[in-house]
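Take a look at the structure set out below.
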Amino acid sequence: MTETTAWPTELKVSDGGAVLKISFDTGETFELNAEFLRVESPSAEVKGHGPGQEITVPGKRNVKIVAVEPIGNYAVRIRFDDRHDTGLYSWSNLHRLGRERDEIWAVYLEKMDAEGKSRD
Numbered sequence: 034m035t036e037t038t039a040w041p042t043e044l045k046v047s048d049g050g051a052v053l054k055i056s057f058d059t060g061e062t063f064e065l066n067a068e069f070l071r072v073e074s075p076s077a078e079v080k081g082h083g084p085g086q087e088i089t090v091p092g093k094r095n096v097k098i099v100a101v102e103p104i105g106n107y108a109v110r111i112r113f114d115d116r117h118d119t120g121l122y123s124w125s126n127l128h129r130l131g132r133e134r135d136e137i138w139a140v141y142l143e144k145m146d147a148e149g150k151s152r153d
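Heads up: the sequence shown runs through residues 34 to 153, numbered per the numbering used here.
Here it is in structure tokens:
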């Protein structure tokens, strides 16, 4: 089964860079906080270069989004105030993050706890 790509109709940074609001042509709207987007970055720094290499990123509770830059018609680069900007967030990835936010966040918090890391 192939996944159909949802296309964004609105991208808006709000709350002083703390939230990215994204609306899709499916009628769905998600508000994703900067910390969540930063720790779920699709960059090699976070995801590694292969299976099992993902890093649990600590200390990003107060990170902010400073810019959102379109990359072609398939993704955006999100620049954070901690100077991280290497992850390209495809529309399908942002849609998945919005749909599965609560589950993904719960797994992240469990990993942080298990590894003795802090969000601060």
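Note that beta-carbon positions come from the ideal geometry of N, C-alpha and C, so glycine has one too.
Own chain, CB closer than 8 Å to PRO41, minus 5 neighbours either side, in chain order
ILE55, SER56, PHE57, ASP58, TRP124, LEU127
Determine the direct distance from the alpha carbon of GLU148 to that of GLU24, and round the result to whole angstroms.
With the chain running from 34 to 153 in the structure shown, residue 24 is simply not present.
Between the C-alpha atoms of SER47 and GLU133, what's the straight-line distance to the nearest angstrom?
21 Å
Rounded to whole angstroms, what is the Cα-Cα separation between ASP153 and ASP118?
Here the alpha carbon of ASP153 sits roughly 20 Å from the alpha carbon of ASP118.
Contact check, VAL101 vs VAL90, beta carbons under 7 Å
Inclusion of VAL101 and VAL90 in the CB contact set at 7 Å is not warranted, their separation being larger than that value.
Could you compute how far the alpha carbon of VAL52 sits from the alpha carbon of LEU44?
Rounded to the nearest angstrom, the two C-alpha atoms are 10 Å apart.
Give, in chain order, every unbroken run of the beta strand (DSSP E) that is at least 3 residues long and sits entirely within the region 71-106.
98-104
Might you give, ordered along the chain, the residues of its own chain that have their beta carbon closer than 8 Å to the beta carbon of ARG94, omitting 5 neighbours on each side?
Setting aside the 5 residues that flank it on each side, ARG94 is surrounded in the same chain by GLU68, ARG152, ASP153, each with a C-beta closer than 8 Å to its C-beta; the list follows chain order.
In angstroms with no decimal places, state the Cα-to-Cα distance between LYS144 and VAL96.
Rounded to whole angstroms, LYS144 to VAL96 spans 19 Å at the Cα level.
For GLU133, which of helix, strand or coil comes out of DSSP?
coil
Report the rounded CA-to-CA distance for LEU121 versus ASP115, giving the unit in angstroms.
16 Å
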